[in-house]
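In what follows, a single structure is set out as structure tokens and then discussed.
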Amino acid sequence: MLRWAGHSLIFLLAAPILLGTLIASLPAFGYFPPLGSSDFSLEAWRELFEVPGLTRSVLISLISGVLTPLISLALVFLYLASATGSKLDLWIRRLVSPLLSFPHAAAAFGLAFLIAPSGLLSRIISPELTGWERPPDILIVNDTWGLTLLFGLIVKEVPFLLLMSLAALPQLQPRHRIEVARTLGYRPTIAWLKVIAPSLYPLVRLPVIVVIVFASATVDVALILGPTLPPTLSVRVLSWFNDPDLNLRFLAAAGSLLQLGVSLIAVAIWLALEKFVGLLWRFWLAAGNLNTGEGLAFAIGRSAMPLVLVVIAGSILALLANAFAGPWRYPSALPSSWTIQHWANSLSDLSTPLFNTVLISVSSTLLALLLVVATLESERQSSKSKSTALWLLYLPLLIPQIVFLFGIIVLTEFVGWQANLSLVIFGHLLFVLPYVFLSLSEAYRQLDPRWTQVASTLGASQLKSFWRIRIPLLLAPCLTAVAIGMAISISLFLPTQLLGAGRITTITSEAVALTSGASRNLISVWAVVQLSLPILGFMMALLIPKFVWRNRSGMIDTR
Amino acid sequence: MAHLRPSTPLIRIFLLFVLLPHSSLTTAQAIDVADWSALEQQARGQTVYFNAWGGEPRINSYLNWVAQTLEQRFNITLQHVKVADTGETVSKIVAERTAGNDTNGSIDLLWINGENFAALKQNKLLFGPWAEEQPNFSLVNANRFPEMREDFTVPTDGLESPWTRSQLVFYHDSQWLAEPPQTIAAILDWSTFNPGEFTYPRPPAFLGSTFLKQAVLEISNNDPALFAPVTDDQFQRVTTELWDYLDALHPTLLRAGRYFPNSAAELRRLMGDGEISLALAFNPNEALLSVRTGELPDSVRTYVLQGGTIGNVSFLAIPYNAQHKAAAMITANFLLSIEAQARASNPNHMGSTTVISIEDLDVSARQQFEPVSTDLAAASPDELSRKLQEPHPSWTPALERAWIQRYSAR
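Keeping their order, the protein sequence lines are chains A and B. Just so you know, we're using numbering that gives the first Met the number 0 here: the first sequence kicks off at 0 and counts up by one. Just so you know, we're using numbering that gives the first Met the number 0 here: the second sequence kicks off at 0 and counts up by one.
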């Protein structure tokens, strides 16, 4: 019954992406009949390598691709090592899911207003502390080496990796392991790093690789926070695609293949780094030193996470303030008046996009959940080891969006489909599916098989033990996966815009359209709407298990 | 081929796509652009997908009003497809042609001018000629205003219908800058002594490209070569002084020229935040409207450079593969009507400048247009009459590329 969910399904989802990539990359080698070019040539590549500042663009993409996961993962692990079980930890666990759902573009916009020379922080300390009557002329946002971009990406990816770690942790039974390590005399932080980290890392490896690809190829965050002279490679590729000079299409196609290469190189660098760190760890483990470095690890772990939270909270505050601000001149710390005018102006425009957003995110996420559970269940029942074909599910996260989306449009045109809602839902499914899979698969696979074995010995059928044992045990991870899937869908821009031909508008597509012309206040209104939607989803993911398991405290305990 | 059995789903899907004939599902009705009443009949019940820049809330709500009116009067549903960059729309049309979709295009009408138009026209991706057959076309008095038939010096050949006028203006915050520089050369002198007070959007953002064109026109004294297709030699000759000028200007700009804003909106935010005291816009009413909403301080004033500034007309065009050409034409004709243009030019609504020749109208029609604004923040009509012509569209990408070449990788 579940056989259909196996390989053919994966191919069905992967095929449009592979075909799309193929079709979209043909122009890189000179083949693009609509522009009268059907001879293969390497002209586009020659042109690409003559683009000024290309090396810098590539370097910045590589740097953010490697440093973002490195720093984020280090912070997450140090935090888990130093704070697990503390009061701080309880708070942060409650906050992490909603924070994760903060859409990238909105987060970047809020962050930019927070830390810009004329931003909220500067306004709070001016002119009293600084003497600034006008904003200082310093380059913070859009800095040449992409440090603000890196900062913004880390702030966004720390909650993601933390959530992924928290989802995987329970299977490692950390409490017992730590207890064993502590009886051997290790301090808690060091104990965590020595006995938990090495087993946890393989479980979050795939999310880390997703972070690498995202950080090296992001468009929306780089547009707002990234350098402009020159911009990152991904931003340049998009601008070539959008250039009215159609001959740049060849350059764009070559550039997007280069982008793919850059993302892959970043992953390769990471894998090399992984080997190296693994070696270090082994020495460190064998060395047996009990507590060296504990103080430092503890201090970083305990302080960095609250700092990240403060930055995110500050960005949200900045957005909220702007959404209700009247005239707000520098250096006033607060607007001269508050108003709901910006909301009143947007109200009539909000309803259709809001409806579409909810419809698309709910249907694509539920479809994704169905497919993922079916795939995982069939994988379990056939009791084979992990299928390598499942890697294909991650294609949408490993190939720059702009490449294969352009190809998919060409494909849909071939079969004569008009832009419509189901096409957009399918496009969202491609992106939602891997995230749902990512957040659910480990929990599903690591679920102790003895539960099912016990059920079988008691005479329960596969189907019955699925519904009565596995699904209830996995309720919380399933709901988290749904919330993540919806958050991803809500934040998607390119698939909505391209596959819907711009006819199907969501909160995100409208918000992006507005950034090129609207006031900061109006953009903030849309950003606030955009970020509050996924928070609702996460609150439900948090509250439903609490309600269902109100008499089963052991089911909620994730430590 | 016999040994290659299409067994895997991948191959099967591939074959499905490749073997499927490029069928056009509906046959387009014959269109007679001269028979306007037949067009109105055909247009009934059609939906017009209008791809237009969606970044400006005032324009968006104006188009909402247009949609309501069209629905009532012509039974046409207008859907504003909001795009961030007209280049995307050009991309879309190309993608459709790539797929052989020659009759069921997803775009019926688009807002366009300059190099976007030049690209589409050159690649024969536009429907027409139709624009001069519109009953309302005579209102623009194209004989007196040749710019209604010329888009950046390229003849429109009836492929696009005039919609709005734009003109480059400068605005300054009089609190920090009382007497703004009146020429391109004076901007450099002033900026040298007041570093960090000015910047412009990074080309190819259109406002940034317009600043380059304004500078090159003024520095080269309106060199005639600028109004013909660009050649390497002419480009070298005409722009040498421009690069000297920019080399000197950039270190004096905001962030010492190591950063340029992305768009006109970002530039406006910099002004609103007090980061700069001189900026530019392509809608003469932009500063006025932003002062009214509180986004800019009320000390902001608009002006036009002494020797005049670039002005242009933006147009509406119909892709060659549009599905609802009749309704698109009815829509364009309505947008060109006295009623629609008068509302568009009202600062309480869209706040653009009309393409209609108001002097040719009778008194009652003239009264529908708002009297000239006397607002302090607005530029005077006298100033706005100092207009420079756009260079040939081929100069725009040439200038943009040269700028990126020189300045994007410092």
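Backbone N, C-alpha and C fix where the C-beta goes; we use that ideal spot for every residue, glycine too. It should be emphasised that the depicted structure is a prediction, and the values quoted were computed from it without experimental measurement.
Minimum C-alpha distance to residue i - residue among the options
i, options, result
"T364 of chain A", "A:L429, A:A312, A:Q170, A:R549", "A:L429"
"L38 of chain B", "B:N345, B:G99, B:F73, B:A408", "B:F73"
"L161 of chain A", "A:C477, A:F76, A:V194, A:L41", "A:F76"
"D107 of chain B", "B:S262, B:F49, B:I92, B:P380", "B:F49"
"D101 of chain B", "B:N332, B:F126, B:Q45", "B:F126"
"T231 of chain A", "A:P51, A:A317, A:R122", "A:P51"
"A296 of chain A", "A:L521, A:S81, A:L41, A:A13", "A:S81"
"G157 of chain B", "B:Q166, B:D84, B:L187, B:K120", "B:K120"
"S440 of chain A", "A:V261, A:L368, A:L457, A:G516", "A:L368"
"S215 of chain A", "A:S336, A:T507, A:A267", "A:A267"
"A224 of chain B", "B:Q388, B:A33, B:G86", "B:Q388"
"S198 of chain A", "A:Q170, A:V207, A:P206", "A:Q170"
"G256 of chain B", "B:S160, B:A263, B:A247", "B:A247"
Identity of the residues DSSP links to residue i by a beta bridge
i, result
"S384 of chain B", "DSSP output for S384 of chain B lists no bridge partner at all."
"T163 of chain B", "B:S313, B:T353"
"A280 of chain B", "B:V168"
"F197 of chain B", "B:L277"
"T395 of chain B", "Note: T395 of chain B sits in no beta bridge, so no partner."
"P318 of chain B", "B:L125"
C-alpha distance - residue i paired with residue j, whole-angstrom precision
i, j, result
"A324 of chain A", "R268 of chain B", "14 Å"
"A214 of chain B", "P26 of chain A", "36 Å"
"L168 of chain A", "S100 of chain A", "21 Å"
"W162 of chain B", "L315 of chain B", "6 Å"
"A526 of chain A", "A29 of chain B", "46 Å"
"V209 of chain A", "S407 of chain B", "30 Å"
"G104 of chain B", "A500 of chain A", "10 Å"
"S60 of chain A", "G225 of chain A", "10 Å"
"A459 of chain A", "I468 of chain A", "10 Å"
"G19 of chain A", "P395 of chain A", "11 Å"
"A569 of chain A", "A221 of chain A", "Chain A is shown from 0 up to 558; residue 569 of chain A falls before or after that span and cannot be answered."
"W52 of chain B", "N241 of chain A", "14 Å"
"L24 of chain B", "T97 of chain B", "No answer about L24 of chain B holds up, because its pLDDT of 37 lies below 50 and its placement is not dependable."
"V212 of chain A", "L493 of chain A", "17 Å"
"G145 of chain A", "S63 of chain A", "8 Å"
"P179 of chain B", "A66 of chain B", "41 Å"
"Q181 of chain B", "L304 of chain B", "5 Å"
"L541 of chain A", "Y30 of chain A", "51 Å"
"V168 of chain B", "A377 of chain B", "10 Å"
"A27 of chain B", "L241 of chain B", "Bear in mind that the predicted position of A27 of chain B carries a pLDDT of just 47, short of 50, making it too unreliable to give a figure here."
Residue i burial status per 10 Å Cβ neighbour count (16 or more: buried)
i, result
"M147 of chain B", "buried"
"S393 of chain B", "buried"
"T495 of chain A", "buried"
"W466 of chain A", "exposed"
"A1 of chain B", "Bear in mind that a pLDDT of 36 at A1 of chain B, under 50, signals an unreliable position, so the model cannot answer this."
"S56 of chain A", "buried"
"S22 of chain B", "Bear in mind that the predicted position of S22 of chain B carries a pLDDT of just 36, short of 50, making it too unreliable to give a figure here."
"M538 of chain A", "exposed"
"T198 of chain B", "buried"
"T182 of chain A", "exposed"
"H391 of chain B", "buried"
"R57 of chain B", "buried"
"H323 of chain B", "buried"
"P448 of chain A", "exposed"
"T557 of chain A", "Confidence at T557 of chain A is low in this model, with a pLDDT of 46, below 50, so its placement is unreliable and the value that follows should be read with caution. Flag for T557 of chain A reads exposed."
"P20 of chain B", "Interpretation of P20 of chain B is limited by its pLDDT of 37, a score under 50 that renders its predicted location unreliable; no figure is taken from the coordinates."
"F159 of chain A", "buried"
Heavy atom of the ligand MG within 7 Å of residue i beta-carbon
i, result
"P326 of chain A", "Inclusion of the ligand MG in the displayed structure is not the case, the ligand content being empty and no account of it being possible."
Cβ separation of residue i and residue j, assumed to be a contact under 8 Å, to the nearest whole Å
i, j, result
"T505 of chain A", "I359 of chain A", "7 Å"
"N261 of chain B", "A204 of chain B", "6 Å"
"L74 of chain A", "M304 of chain A", "7 Å"
"L392 of chain A", "P433 of chain A", "5 Å"
"P326 of chain A", "W131 of chain A", "Going by Cβ atoms, the distance from P326 of chain A to W131 of chain A rounds to 19 Å, so no, they are not a contact pair."
"L295 of chain B", "A286 of chain B", "6 Å"
"G109 of chain A", "S314 of chain A", "3 Å"
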